[in-house]
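**Student:** For the record, the sequence lines run as chains A and B.
Sequential numbering of the first sequence, starting at 3, is according to our numbering.
Sequential numbering of the second sequence, starting at 14, is according to our numbering.
Note that CB positions come from ideal geometry on N, CA and C, so glycine has one too.
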Amino acid sequence: MPEQNPYFEAKSLSAGVYNRNRGRVFHFFRNVSFKIDKDEVVGLVGESGSGKTRLGLSLFGLLRDGPGLYSGSLNFSLSDTPKIHFDFGDPHSSSGLRRGLQPVLGRRMGLIMQGAKSALNPYQTIGTQLKDTLQLAGCPASDLSNVSEQLYKAFSLSSKQDSISNRYPFALSGGQAHRVMIALGFAMGPDLLIADEPTTGVDSPIQALILQHFKAFRSGELGPRRQEGRPRPSMLFITHQIDLMKGLTDRVMVMYCGELLEVCKTRDLGHLPHHPYTERLLEIALETGGRRHLHSIPQIAGRMPVMYDPPKGCVFADRCSMVKEHCWKVKPELTTHEAGHQVACHERGGDDA
Amino acid sequence: MPQPEIASQTLALHEAKRERRHNHIAYAYALFAAWILLVVAGWVLPDRMQVDLGSPKAEPAWLGDSGGDRLLGYDRVGNAIGPRVLKAFTVYPLPLILGTLIFSIGGIIIGILRSGFFIKLNFIGEMIIDKITQIIELFPAYIAIIMIAWYTTQSRFELGDHWKNLNMAACALAILNIPFFAKVVSRRVSQLAAMDFIEAERAMGLKKMQILYKHIFVPYLVPNLILTAGSFMMELLFMDIGLSYVSSQLGEFTAFPSDSSLGYLLSCAYRPENFSQFSDVSGWVLDGGWYFLEIAVITSILLFSIRWFIHLIRTVFVEGLTHA
């Protein structure tokens with residue numbers, strides 16, 4: 003059973019940075035608990051600034067400023083590798099986490115970073131970077147050119163007239179750089195891939211193409227050959243477009259102001275009593291996709307709370323249309339409402355609803 | 014139609030720029046090759062160029078006993094100047110390499126330590142490094158005097174051994190260059206370590222040492238190192254000319270007298286008795302030619318050090334290797 007053997011599990015994970023001038027901690031995210039099972043794609047959705055990218059980077063020990071992760075624990079149980087466990091009690095530097103993850107980074111865990119242009123080495127050609135990545139991931143030398151060509155073709159990056167392999171990143175368009183970055187992520191052939199907004203900043207046809215490639219990668223049609231017995235890759239797909247979740251992810255986690263507000267199965271999206279924030283996201287996605295006039299596109303009024311002073315009660319209270327008196331005072335916990343559906347809301351299946 | 018015209022103009026400009034750049038590269042390679050040849054020639058020749066200072070009109074063996082006049086004439090004891098100018102330039106490669114090694118290794122170690130790439134220093138550690146570098150930067154002359162004074166007390170110090178003392182002086186100069194290079198390294202490393210592509214490499218599982226070598230040192234620090242080595246060469250020339258000129262004015266038993274030092278040759282130029290040694294061949298030098306030599310040396314050094322030499326080195330090592 004996949005539930006008994008999660009690939010990855012985070013318990014009560016919190017991260018932040020201490021601001022010496024203000025004398026307070028700026029929270030990246032607080033008390034985030036989730037798991038990713040074997041052969042599962044989990045979507046993490048939320049608006050800009052909600053802490054999605056920080057959460058993704060923290061799993062690789064890449065939070066560079068301040069104390070980084072300061073509480074919670076991480077468990078990695080990737081196939082054919084010893085279990086890795088980290089417990090962050092006191093203020094802890096994330097460099098220890100990076101050292102511990104060194105054997106699995108690249109080969110078993112991969113990251114597709116946001117901002118493709120800046121994430122490519124400006125001094126190396128695309129071909130060199132792709133081949134280096136493949137070698138690092140343990141791809142045999144005989145397969146290097148085949149896999150590279152396959153990736154170029156799949157991502158429409160090479161033609162008979164022109165090949166991208168001899169170009170430097172500055173010579174790529176934004177969409178090309180994006181596809182190269184995803185190709186590099188796939189080239190590693192990881193068991194656990196974290197894709198940080200891989201479809202942001204590209205046009206709709208390319209977006210559809212990228213989603214197709216993610217499916218192909220998951221089914222093993224794209225990327226280096228997987229060894230016999232190795233499971234299909236699991237993914238954490240970070241995006242701010244909730245409508246992209248359908249057809250790609252198995253579960254969806256909704257994040258707001260550094261906290262998880264809802265976790266549900268993707269197929270249940272739109273059929274459940276959702277958190278008010280999720281409902282608003284779904285509405286916006288639906289109505290923006292319906293090509294309404296720009297002035298009539300719905301918005302969520304208000305702004306996200308500053309992460310120095312998160313509210314004592316519900317973090318979404320000041321923007322919520324269903325807010326009640328106790329929402330300001332009592333913090334709703336993420337509680338199971340139905341099977342596989344967790345909501346942190348007093349009004350929608352909360353503990354004291 | 015305007016659009017194709019603009020396109021063709023842009024293309025033509027681009028082509029012209031590329032051609033110019035290739036010309037620069039060709040000149041730079043030619044000059045660099047000439048410099049290498051000069052140095053190699055100097056290394057091959059020195060044994061034959063030794064002359065007896067006590068016997069006037071003695072010439073290097075490789076010139077033969079032609080009895081004719083040489084370019085740039087003869088010095089006060091009758092030694093040919095031309096070959097000595099050639100030889101004078103050949104003493105610099107070793108001090109240059111030695112000094113470059115010292116300031117690059119020292120600068121890289123201190124710079125990386127200060128950047129916090131490997132170890133996050135605490136406040137006291139950062140302060141100690143900062144203060145040491147600030148003191149060296151504020152009082153370079155005092156530090157140099159202390160180092161040279163210490164060296165003169167050592168048993169291996171020998172008056173008049175120009176080559177050995179020049180190497181020692183190069184080491185002192187290199188130590189003074191460490192703070193400057195450490196700052197360059199520290200700034201570059203801390204700037205690059207926060208960039209996304211370095212983070213991406215870390216996420217791929219590359220170790221810090223691999224990242225430092227492959228993605229920071231080779232593409233970003235080596236050009237800086239070459240430029241700093243170029244300016245170090247100029248400092249070395251200035252120092253040698255200055256010290257050997259001053260010491261040759263002080264008397265015979267000085268630290269920098271040499272038959273092949275540029276400063277010594279320069280000091281010869283001011284002695285009136287040298288004028289009688291000149292012949293018709295070097296008559297143009299006689300008519301204020303020594304001053305011309307001095308002006309030429311200083312001007313060329315200034316030009317080299319400020320702009321042109323930097324451009325040359327950059328063209329050869331950075332653009333030349335990239336576009337080769």
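Is A:E264 a contact residue of the ligand FAD, with contact defined as CB to any heavy atom under 8 Å?
**Tutor:** No copy of the ligand FAD occurs in the structure displayed, which carries no ligand at all.
**Student:** Closer than 7 Å, Cβ to any Cβ of chain A: which residues of the segment 230-241 of chain B, in chain order?
**Tutor:** P232
**Student:** Going along chain A, which residues have a C-beta under 7 Å from B:G218?
**Tutor:** Q104, L107, G108, R109 and L138, listed in chain order.
**Student:** Using DSSP's beta-bridge definition, name the partner residues of A:L195.
**Tutor:** DSSP links A:L195 through a beta bridge to A:G112 and A:M237.
**Student:** What are the complete beta strand (DSSP E) segments, minimum 3 residues, inside the segment 145-205 of chain A?
**Tutor:** 194-198
**Student:** So is A:S175 buried or exposed if we call it buried at 16+ other beta carbons inside 10 Å?
**Tutor:** exposed
**Student:** Does chain B have any CB closer than 9 Å to the CB of A:S150?
**Tutor:** no
**Student:** Using 10 angstroms around the beta-carbon of A:L103, count the other beta-carbons present and answer buried if the total reaches 16, otherwise exposed.
**Tutor:** buried
**Student:** Taking C-beta pairs closer than 8 Å, name the residues in chain A that B:F210 reaches, listed in chain order.
**Tutor:** Neighbours of B:F210 on chain A, chain order: S120, A121, L122, N123 and P124.
**Student:** Buried or exposed: which applies to B:S79, given that a residue is buried once 16 or more other Cβ atoms fall within 10 Å of its Cβ?
**Tutor:** For B:S79, the predicted model reports a pLDDT of 49, less than 50, meaning its position is unreliable; a value from the coordinates is still stated below. With fewer than 16 other Cβ atoms within 10 Å, it is exposed.
**Student:** When the Cα of A:Y258 is compared with those of A:E340, A:M115 and A:L336, which residue comes out closest?
**Tutor:** A:L336
**Student:** Opposite A:A12 in the DSSP bridges: which residues?
**Tutor:** According to DSSP, which records beta bridges pairwise, A:A12 is partnered with A:F36 and A:L76.
**Student:** Quick one: is A:D164 buried, meaning 16 or more other Cβ sit within 10 Å of its Cβ, or exposed?
**Tutor:** Note on A:D164: under 16 other CB atoms within 10 angstroms of its CB, so exposed under the neighbour-count rule.
**Student:** Helix, strand or coil: how does DSSP classify A:M366 here?
**Tutor:** This structure cannot settle anything about residue 366 of chain A, because the visible part of chain A is limited to 3 through 355.
**Student:** Does the segment 200-218 of chain A come close enough to the segment 15-24 of chain A that 3 or more CB-CB pairs lie under 8 Å?
**Tutor:** no
**Student:** Can you have a look at B:A20 and say buried or exposed, based on whether 16 or more other CB atoms are within 10 angstroms of its CB?
**Tutor:** exposed
**Student:** With DSSP collapsed to three states, give me the class of B:S36.
**Tutor:** Position check: residue 36 of chain B holds Asn in this sequence, whereas Ser was assumed. Correct three-state label for B:N36: helix.
**Student:** Measure the C-alpha to C-alpha separation of A:P200 and B:V198 and round it to an integer number of angstroms.
**Tutor:** Distance from the CA of A:P200 to the CA of B:V198, rounded to the nearest whole angstrom, comes to 34 Å.
**Student:** Find out if the Cβ-Cβ distance for the pair A:N123, B:H228 is shorter than 9 Å.
**Tutor:** Against a cut-off of 9 Å, the Cβ pair of B:H228 and A:N123 comes out as a contact.
**Student:** Got a sec: which bits of the segment 224-247 of chain A sit with their beta carbon under 9 Å from any beta carbon on chain B, in order along the chain?
**Tutor:** The segment 224-247 of chain A vs chain B, Cβ under 9 Å: nothing.
**Student:** State buried or exposed for A:E285, treating a residue as buried only when at least 16 other CB atoms are found within 10 Å of its CB.
**Tutor:** exposed
**Student:** Are there 16 or more other CB atoms within 10 angstroms of the CB of A:P84, so buried, or fewer, so exposed?
**Tutor:** exposed
**Student:** Is there at least one Cβ from chain A nearer than 9 Å to B:R215's Cβ?
**Tutor:** Judged by the 9 Å Cβ criterion, B:R215 is in contact with chain A.
**Student:** DSSP three-state call for B:T267: helix, strand or coil?
**Tutor:** Any reading at B:T267 must be qualified, since the residue scores a pLDDT of 46, below 50, and its modelled position is unreliable; no value is offered.
**Student:** Take A:F188 as the anchor and find which of A:M309, A:E261, A:L138 and A:G48 has the nearest alpha-carbon.
**Tutor:** A:L138
**Student:** Are B:S130 and B:F193 closer than 9 Å when you measure CB to CB?
**Tutor:** In the sequence as presented, Ser is not what sits at residue 130 of chain B; that position holds Phe. No, the Cβ-Cβ distance between B:F130 and B:F193 is not below 9 Å.
**Student:** Residues of chain A with CB under 9 Å from B:H27, in chain order?
**Tutor:** What B:H27 touches in chain A: nothing, since even the nearest Cβ is about 14 Å away.
**Student:** Output the boundary residues of the alpha helix (DSSP H) element that contains A:K133.
**Tutor:** I128 to L138
**Student:** What are the residues of the segment 46-65 of chain A that lie near chain B, defined by any Cβ-Cβ distance shorter than 9 Å?
**Tutor:** L59, F62, G63 and L64
**Student:** Mapping the DSSP letters down to three states, classify A:H339 as helix, strand or coil.
**Tutor:** When DSSP states are grouped into helix, strand and coil, A:H339 belongs to the strand group.
**Student:** Run down chain B in chain order and give the residues with a C-beta less than 8 Å from the C-beta of A:R100.
**Tutor:** R215
**Student:** Between B:G218, B:F230 and B:Y40, which lies nearest to A:R109 when the distance is taken from Cα to Cα?
**Tutor:** A:R109 has its Cα closest to that of B:G218, out of B:G218, B:F230 and B:Y40.
**Student:** Kindly say whether A:L194, judged by its beta-carbon, lies nearer than 9 Å to any beta-carbon of chain B.
**Tutor:** no
**Student:** Would you call the segment 323-335 of chain A and the segment 245-259 of chain A in contact, with 3 or more CB pairs under 8 Å?
**Tutor:** no
**Student:** Would you kindly work out how many angstroms separate the C-alpha atoms of A:L46 and A:C141, rounded to a whole number?
**Tutor:** 30 Å
**Student:** Measure the beta-carbon distance from A:F216 to A:V44 and round it to whole angstroms, keeping in mind my assumption that it falls under 8 Å.
**Tutor:** At roughly 13 Å, the Cβ-Cβ gap does not stay under 8 Å, so A:F216 and A:V44 are not in contact.
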